[in-house]
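The structure appears right after this line, and notes come after that.
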Amino acid sequence: MGQKSLVFASREPAMRTYAASCIDIACKPLVINQSWLYDRHLNTALMKERLVEVLNEYPTLSGRISDNSIICNNAGVFWEENQQPGTSVKELSKITLPEKRFQAEFDNKAAIAGAFPLLSIKVSHLKDGTILNVKCSHFCADGGTFYRMMENWSSLARDEGFVIKPVYDDTAVSKALAATNVYGELASHDMKGTGGMLEKEGMYRIRPSVMFPMMWQKLLRIDRRLSLPVFVPYSRIAAVKDASERSVGRNAALSAIAVEILKRPMGWSGKNINVVHTADHRGRIDFIDMDYAGNASFTLRPTTVNADLPAGQMASLIEEDMKRMLEPECESRYFAFYYTMLEKKMPYLPFDINSMWCAHPVTFIINNCLKFNIYGMDFGEGAPVFAWPLDFSDPVRFWPAPPQEDGVYIYFTGAFAK
């Protein structure tokens with residue numbers, strides 16, 4: 002049996018209520034679920050002590066949800082430790098996610114109702130190592146906020162202080178929107194008028210017909226299938242960059258490699274494929290600070306490439322399109338449209354979801370986690386030897402391989418996992 006308790010901040014938070022943005026609200030049904038494997042035993046007494054300091058700076062994590070706000074009442078976060086002396090590090094599968102006995106308890110329905118903590122941690126002591134599992138409500142943190150919080154926690158455990166202190170400002174999004182001319186125009190329209198503007202902007206209406214394949218795949222748990230990690234060495238990424246007609250980043254090169262990998266099993270020869278990336282508004286949109294602690298990630302419009310193109314040419318097209326979409330004026334305008342879709346609960350998306358959930362999908366979303374310092378979570382006894390991928394159902398995700406492997410992993414889910 003595990004030992005369960007609550008951990009509290011050591012001081013009352015200055016911020017009493019955090020009003021969620023529509024981006025936060027859209028993420029309310031989701032839970033970030035991350036597991037790390039260590040080949041040694043962690044000092045959990047020190048970890049709990051340093052967690053108190055972390056909660057002092059992250060008041061929403063130890064608060065409770067109330068409708069579309071978080072009451073920062075320091076009600077505590079969930080902590081559990083259990084002993085698994087019959088299990089050794091080498092016996093654990095790195096192909097499938099850790100089983101339930103290693104997972105922290107998290108009741109998201111209760112959390113949304115304000116009756117369960119928004120952060121839940123479980124430490125499993127193995128024969129010769131440790132599994133650390135951390136679950137966090139996506140309502141109060143996206144990947145940027147979550148992994149920065151983990152970096153701060155591990156840095157404090159090493160007596161190195163905070164890496165980055167979070168900036169809480171629940172007026173940031175509204176101020177950013179007010180700075181765009183198009184948001185006021187969108188807000189002045191009724192639903193029909195707003196829909197017309199969204200369609201003219203190139204947004205895709207969600208057709209009711211998509212609900213059947215979505216429910217069917219969820220019923221059969223197809224959407225939860227996870228492929229084996231496909232290892233891509235840095236040398237392969239460099240080769241695609243070298244073959245490109247322009248300077249391209251790692252994201253564009255890996256996107257082209259992902260299309261190459263999927264081309265044969267998905268039957269994509271001769272077809273146009275829609276690649277959808279996610280991006281982060283932090284530090285690029287006025288009023289949204291680089292260290293902003295709310296949800297700031299968003300989905301870009303798709304980039305369309307022909308699956309038969311050479312990887313270098315594909316990467317060039319993807320890079321050019323992403324840079325165009327993230328130019329300040331373009332991003333600011335898109336931000337207003339994206340937020341309006343969420344705020345008015347409009348049945349639109351920046352990409353055609355119908356072509357992603359059909360029997361022969363040609364659209365996929367990439368969740369790029371390579372920018373996060375996932376293998377930097379050293380609590381004083383050394384870095385993790387393995388980090389399992391998040392269990393979101395994004396069709397394609399870029400994930401760090403252990404540093405000694407000199408490359409990255411690509412995971413595929415759902416219909417793409419075959």
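Number 139 in the numbering used here belongs to position 138 of the sequence shown; there are no gaps in the numbering. C-beta atoms are modelled at their ideal positions from N, C-alpha and C, and glycine is treated no differently. None of these values were measured; they are calculated from a predicted model.
* **Test item: CB-CB of E81 and K136 under 7 Å** => Locating residue 81 in the sequence shown gives position 80, where the first residue counts as 1. Locating residue 136 in the sequence shown gives position 135, where the first residue counts as 1. No. Outside cutoff.
* Asked: Tell me which same chain residues have a C-beta within less than 8 Å of the C-beta of T195, skipping the five on either side of it?
  -> Position 194 of the sequence shown, counted from the start, is the residue given in the question as residue 195. Taken in chain order, the residues that qualify are L187, T341, K345, M347.
* Asked: What residues in its chain sit with their C-beta under 8 Å from that of N75, if we drop five residues either side in the sequence?
  -> Position 74 of the sequence shown holds residue 75. Result list for N75: F9, A10, E13, P14, L56, P60, S63, G64, in chain order.
* To do: For Y349, write down the residues that DSSP places opposite it in a beta bridge.
  => Taking the first residue of the sequence shown as position 1, residue 349 is located at position 348. Beta-bridge pairing links Y349 to R206.
* To do: With a cut-off of 8 Å on the beta carbons, I'd call P351 and R302 a contact; round off their distance for me.
  => Position 350 of the sequence shown holds residue 351. Position 301 of the sequence shown holds residue 302. About 5 Å; that satisfies the 8 Å criterion.
* So, is N69 buried or exposed, given that buried needs 16 or more other C-beta atoms within 10 angstroms? -> As a first step, residue 69 must be located in the sequence shown, where it is residue number 68. N69 is exposed by the Cβ-count criterion.
* What residue from G197, E332, G185, G130 has the CA that sits closest to V386's CA? -> To locate residue 386, count along the sequence shown from 1; it is residue 385. Cα-wise, what sits closest to V386 is G130.
* Thinking C-beta only, is S155 closer than 7 Å to D379? -> Start at 1 with the first residue of the sequence shown, and residue 379 comes out as number 378. Start at 1 with the first residue of the sequence shown, and residue 155 comes out as number 154. The criterion of a C-beta distance shorter than 7 Å is satisfied by D379 and S155.
* Within the segment 376 to 412, note down every full beta strand (DSSP E) run reaching 3 residues or more, in order along the chain. => 397 to 401
* **Residue(s) in a DSSP beta bridge with F299** => What you label residue 299 is simply residue 298 of the sequence shown in a count that begins at 1. Its beta-bridge partners are A280.
* Identity of the residues DSSP links to S70 by a beta bridge -> Here residue 70 refers to the residue found at position 69 when the sequence shown is read from its first residue. Looking at the DSSP assignment, S70 forms a beta bridge with A20, S67.
* Locate the alpha helix (DSSP H) running through N252, then write down its first and last residues. => Translated into positions along the sequence shown, residue 252 becomes position 251. That run of the alpha helix (DSSP H) goes 251 to 264.
* Of the listed residues R17, D281, V306, E320, nearest to Y335 (C-alpha basis) -> Taking the first residue of the sequence shown as 1, we reach residue 335 at position 334. Ranked by Cα distance from Y335, the first of R17, D281, V306, E320 is D281.
* Asked: In three-state DSSP terms, what is T131?
  -> For the purposes of this step, residue 131 is taken as residue 130 along the sequence shown, with counting starting at 1. Of the three classes helix, strand and coil, the one that applies to T131 here is strand, per DSSP.
* Nearest candidate by alpha-carbon position, reference F103, set A112, K110, N109, L93 -> For this step, residue 103 is matched to residue 102 along the sequence shown. Nearest of A112, K110, N109, L93 to F103, Cα basis: L93.
* If you pair each beta-carbon of the segment 116 to 132 with each one of the segment 248 to 259, do three or more pairs fall below 8 Å? -> No, the segment 116 to 132 is not in contact with the segment 248 to 259.
* Asked: Using a Cβ-Cβ cut-off of 7 Å (strictly less than) and excluding sequence neighbours within five positions of P404, which residues of its own chain qualify?
  -> Here residue 404 refers to the residue found at position 403 when the sequence shown is read from its first residue. Excluding residues within five positions, the ones whose Cβ falls inside 7 Å are Y376.
* Where S210 falls, given that 16 or more other Cβ within 10 Å makes a residue buried -> Position 209 of the sequence shown, counting from 1, holds the residue named residue 210. Per the 10 Å Cβ criterion, exposed.
* To do: With a 10 Å radius around its C-beta and 16 neighbouring C-beta atoms as the bar for buried, classify H361 as buried or exposed.
  => In the sequence shown, counting from the first residue as 1, residue 361 sits at position 360. The residue is exposed, with fewer than 16 neighbouring Cβ atoms inside 10 Å.
* To do: Please state if the CB of A402 and the CB of Y410 are separated by a distance shorter than 7 Å.
  => Within the sequence shown, numbered from 1, the residue matching residue 410 stands at position 409. Within the sequence shown, numbered from 1, the residue matching residue 402 stands at position 401. Result yes, Cβ atoms of Y410 and A402 sit closer than 7 Å.
* Is F9 helix, strand or coil by DSSP? -> Within the sequence shown, numbered from 1, the residue matching residue 9 stands at position 8. F9: coil per DSSP, three-state reduction.
* Asked: So who's on the other strand from E330, going by DSSP bridges?
  -> Against the sequence shown, residue 330 aligns to sequence position 329. DSSP output for E330 lists no bridge partner at all.
* Coil, strand or helix - V363 by DSSP -> The residue labelled residue 363 in the question sits at position 362 within the sequence shown. V363: coil per DSSP, three-state reduction.
* To do: Report yes if the C-beta distance between T305 and N275 is below 7 Å; otherwise report no.
  => Numbered from 1 along the sequence shown, position 304 holds the residue referred to as residue 305. Numbered from 1 along the sequence shown, position 274 holds the residue referred to as residue 275. Their beta carbons are under 7 Å apart, which means T305 touches N275 by this criterion.
* Give the DSSP-derived three-state secondary structure of F288 in the structure shown. => As a working mapping, residue 288 is identified with position 287 in the sequence shown. Residue state, collapsed to three classes: coil.
* Taking N83 as the reference, give the member of G145, A105, K49 with the closest Cα. => What you label residue 83 is simply residue 82 of the sequence shown in a count that begins at 1. That would be A105, whose Cα lies nearest to the Cα of N83.
* Asked: Are there 16 or more other CB atoms within 10 angstroms of the CB of M151, so buried, or fewer, so exposed?
  -> Here the question's residue 151 lines up with position 150 in the sequence shown. Answer is buried; the Cβ neighbour count reaches 16.
* Exposed or buried, S125, counting other C-beta atoms within 10 Å across all chains shown (16 or more means buried)? -> As a position in the sequence shown, residue 125 is number 124, starting the count at 1. Buried: at least 16 other Cβ atoms inside 10 Å.
* Asked: Where are the beta strand (DSSP E) runs, 3 residues long or more, that stay fully inside the segment 161 to 246, in chain order?
  -> Contiguous beta strand (DSSP E) elements confined to the segment 161 to 246 occur at 231 to 234, taking only those with 3 or more residues.
* Asked: Going by DSSP, what residues sit across from V124 in a beta bridge?
  -> As a first step, residue 124 must be located in the sequence shown, where it is residue number 123. For V124, which the question treats as bridged, DSSP gives the partners E82, L133.
* Look up I354 in the DSSP assignment and give the residues it is bridged to. => Numbered from 1 along the sequence shown, position 353 holds the residue referred to as residue 354. None; I354 has no bridge partner.
* Do D25 and F147 come within 7 Å of each other at the CB atom, strictly closer than that value? -> Position 146 of the sequence shown, counted from the first residue, corresponds to residue 147. Position 24 of the sequence shown, counted from the first residue, corresponds to residue 25. Against a cut-off of 7 Å, the Cβ pair of D25 and F147 comes out as no contact.
* If you draw a straight line from the C-alpha of N296 to the C-alpha of T18, how long is it? -> Here the question's residue 296 lines up with position 295 in the sequence shown. Here the question's residue 18 lines up with position 17 in the sequence shown. Straight-line Cα distance between these residues: approximately 16 Å.
* Asked: When you compare each of F365, D353, G381, A416 to K207 by their alpha carbons, which one comes out closest?
  -> Along the sequence shown, one-based indexing puts residue 207 at 206. The question names Lys, but residue 207 in the sequence shown is Ile. Taking only the C-alpha atoms, the option nearest I207 is D353.
* Buried/exposed call for V231, threshold 16 Cβ in 10 Å -> Residue 231 sits at position 230 when you count from the first residue of the sequence shown. Burial state of V231 is exposed, judged by a 10 Å Cβ sphere holding fewer than 16 other Cβ atoms.
* Asked: DSSP three-state call for Q104: helix, strand or coil?
  -> Here residue 104 refers to the residue found at position 103 of the sequence shown. In this structure, Q104 counts as coil in the three-state DSSP scheme.
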